[in-house]
Each structure stands twice: as structure tokens, then as C-alpha cells.
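The numbering of the sequence shown is the UniProt record's numbering, which starts it at 1 and goes up by one. Taking it in order: structure first as C-alpha cells, then the write-up.
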Amino acid sequence: MPKKIVFLNMSDDLGVDGHKAVTALRIKNPSVRFKNYHVKKTEQVTEIDMVDFYRAFTTGAHYPDFGTDRTKIKNLCQGATQVMLSIHGPMTSVNYGLIRSTLGRRPDEHVSYQQLANLLLTLFVPNVQYNFSLVMCFGARSSNYRLDHENLDLIDWTDSFAYKLYQRISPNRSVRMTARTGELSFNTVTGKSEVQTELAIQGTLDNQAISQEVGVIQSIAWWNQNRNLFLNAGGAKANFVIALVTAEQNTTAADKLTALRALRRNHGLPAHDYESRELLNYLRQKIRLVEASGRQNSGPQGKYGKLVYKYIYGMGNVIFAKYPNPVCVHPKHLGHGTPVSPRLLKKFAK
1 MPKKIVFLNM SDDLGVDGHK AVTALRIKNP SVRFKNYHVK KTEQVTEIDM VDFYRAFTTG
61 AHYPDFGTDR TKIKNLCQGA TQVMLSIHGP MTSVNYGLIR STLGRRPDEH VSYQQLANLL
121 LTLFVPNVQY NFSLVMCFGA RSSNYRLDHE NLDLIDWTDS FAYKLYQRIS PNRSVRMTAR
181 TGELSFNTVT GKSEVQTELA IQGTLDNQAI SQEVGVIQSI AWWNQNRNLF LNAGGAKANF
241 VIALVTAEQN TTAADKLTAL RALRRNHGLP AHDYESRELL NYLRQKIRLV EASGRQNSGP
301 QGKYGKLVYK YIYGMGNVIF AKYPNPVCVH PKHLGHGTPV SPRLLKKFAK
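Pasting the structure below:
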């Protein structure tokens, strides 16, 4: 049987990023034709641009045929095998998502979890089981975003945007929801979703922190001010500058690091010299930044960073970490870090 995926696009004014995701989803879930070849192909992924509808719902902005479209969207969601909603998510906030301003006429628009929940409660009807995916970068990430979220026991999973959203929906509606801990993208070759790894997230955070250090800022400023002077003067310091600039021109972080570390071992600079110390200090800071960039650029993974949210009678709202092996991470009394029993797994939609 073909799937019926409804994609609610709230990514930006023009829906650009959401369109990319839909294109990828249609690769994974192409349109199908039944045995009667005279019948038009059935599209498995239906995209709905939601930004104007959401604004009308929230602020009462003029929207022709609002009631008609609301009924249409409700019916599509009710008959869907999966409902997906895309919205941008900042790593540093667990209280709002973002509608990006691509038109340049306004700043990015904040959408609180309360506002998004109210929208979904309007579109989802009681006594219908929904399989819902929150397509939002860092949606499942906690407010302590710097922590490694692979260390499941360290994380308060109940203060994420995703959980706050789910808590307002469930148990008023029957929803199984998924969200991700990292930056989320869709592979345009396979059509599958991919998630930024914790290694990449830590690399991003390290890069930001290093770049903001006073010593690093001063070292970069000193380098920019003096490197041409060394080049013009010639000698060992000119050779050092040339070698460093050449190392930076490598395309991959691994090749850059290899060249920079080799230069650190054999720098050829005169000893006990102020300028030599400053040049070596700049090299040290450059190595730190490239190391962080290498971690930051580590590739995304498919089966990674997914949290599953489900209301289970007698237990309340339960959160499972799906990969690498399903474990319950909330409530804690169910066994934090303990493999999920088959009995509980059966309570989750596949």
C-alpha cells in the first residue's frame, strides 16, 4: 500500500527549505500507479505551505477561505499515514522555533511551542491516531545544549521544545511523535533524513568558543597586521608564513591539520625571539580552530538522534531514544538506559 504523507511546511516565507525536504521525500516515496494505467498516478507526499495559514490562525490576519482550508488540512492529516511539520530550530532555545524571513522585509518570526501546539490541536481531531514527525533542527535537544546527548543519563529530556510541545498535545490527542537532537537534513539521493552527530555539534560549539577567546582574537589581529611585513623581509619568518598559508589552502581539515602539525614540529624559526613566539602562538590557535572544524564537518548520520514520544495509559507521556537500541529515557523510573521490553515496544507505532 502506498503511504500518505502530509508535509506541513512552516520553514520560511517562501517554503524554500521545506520544499527541499519534500523533494527528498518524493525520491524515497515516489508517486505510484495502480494496475489501471489510465488512472493518474497517486502522489505519496502532499505538501502544504502553512506560513500564511499559521499567521491567520495566530493573529487573525486576512486569509481567504480560512475555514475551507482548515477543513481540507484536517481531512488530509486525518487520512495520512504520517504527518510531518517543518520549522527551523535554534540550538540555544527550547521555547520557540523559527519561520525564516527569506524576503528580507522582516526578522525571523518566533513560534512558541504553545502556539504550535494550539495549531496542531486545531488540525488534529480526537480519537484518531496520528503518526507525527517534528522536522526541526535540535527539536529534541535539552536546554543544556552543550552536553553530549549520547550520554542519555545526563539529559533532562523533558525541557526540550519537542517535549513541551508534546505535553500540550497529549493526551488531548492520540499522537506518536518523533524529533531529533541535532541539525536535521534530507539526503537528495536516498531521500532519507540525516542528523548532525554529537561530534559535529561539539565541534561547532568548540569553534564558537575558541573564536571568541580574547587571546585568539588578538593573535589573529596580530597575524593579519604583520604577515606581509615578514614576507617582504624574507628569511626564516617569511618561509614560515608561506608554509602556513600553503597549509591553510588544503581543502580538507585532515590535510590542513597534517600540514600545520608538520610545520609546528619543523618551524625553522629563531629561538628566544618575540616575533617567533607570536608566530608559533598563531599556529597553535589555528590548529585548535582547524581541529574543531574537522569535528564540526563530520558527516551526518541516518539512524541517529531520534526521540520517540508516546502517551501510554498508566505511564503518562513516555520518551524513548530509538538509536542505536531503543531505551526508555523518560520517565526515569522505567529504567533510564535500560533496553525496552517487547511489551512496551508494541505500544509504539512502527
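Every residue, glycine too, gets a C-beta built ideally from N, C-alpha and C. These numbers come from a predicted model, not from an experiment.
Check: Reduced DSSP secondary structure (H/G/I, E/B, other) of ARG173; Outcome: coil
Check: Short Cβ contact (9 angstroms threshold) for THR246 with ALA259; Outcome: yes
Check: Separation of VAL94 from ASN36, as counted between CA atoms; Outcome: Here ASN36 scores only 48 on pLDDT, less than 50, and its place in the model is too uncertain to base an answer on.
Check: Cβ neighbour criterion (16 or more within 10 Å) applied to ASN127; Outcome: exposed
Check: CB contact flag (SER160, SER86, <9 angstroms); Outcome: no
Check: Classification of residue 351 by the beta-carbon crowding that lies within 10 angstroms, buried from 16 upward; Outcome: Nothing can be reported for residue 351, as the shown portion of the chain is limited to 1 through 350.
Check: Spatial distance of THR251 from TYR313 (CA atoms); Outcome: 54 angstroms
Check: Rounded straight-line distance, which links the Cα of GLN129 to that of PHE34; Outcome: Annotation note: pLDDT 47 at PHE34 (below 50); position unreliable, coordinate value reported separately. Distance between the alpha carbons of PHE34 and GLN129 is about 27 angstroms.
Check: Residue closest to ARG176, alpha-carbon to alpha-carbon, out of GLY316, ALA209 and THR23; Outcome: GLY316
Check: For ASP12, the three-state DSSP class (helix, strand or coil); Outcome: strand
Check: Entirely enclosed beta strand (DSSP E) segments - the segment 121-167, minimum 3 residues; Outcome: 129-135
Check: GLU183: first and last residue of the uninterrupted beta strand (DSSP E) it sits in; Outcome: Note, GLU183: premise wrong, no beta strand (DSSP E); not H, not E.
Check: Contact set for GLN249: own chain, Cβ-Cβ below 7 angstroms, skip 5 residues either direction; Outcome: none
Check: Whole-angstrom C-beta distance between GLN115 and THR204, which should lie under 8 angstroms; Outcome: Contact flag wrong, Cβ pair sits at about 28 angstroms.
Check: Cβ-Cβ distance between ALA140 and LEU307 below 9 angstroms; Outcome: yes
Check: Given LEU244 as reference, the closest of LEU257, ASN187 and ILE319 once Cα atoms are compared; Outcome: LEU257
Check: Bridge partners - ASN317, DSSP secondary structure assignment; Outcome: TYR311
Check: Where TYR304 falls: helix, strand or coil (DSSP); Outcome: coil
Check: As assigned by DSSP and simplified to three states, the class of THR178; Outcome: strand
Check: Distance, THR190 Cα to ARG26 Cα; Outcome: 10 angstroms
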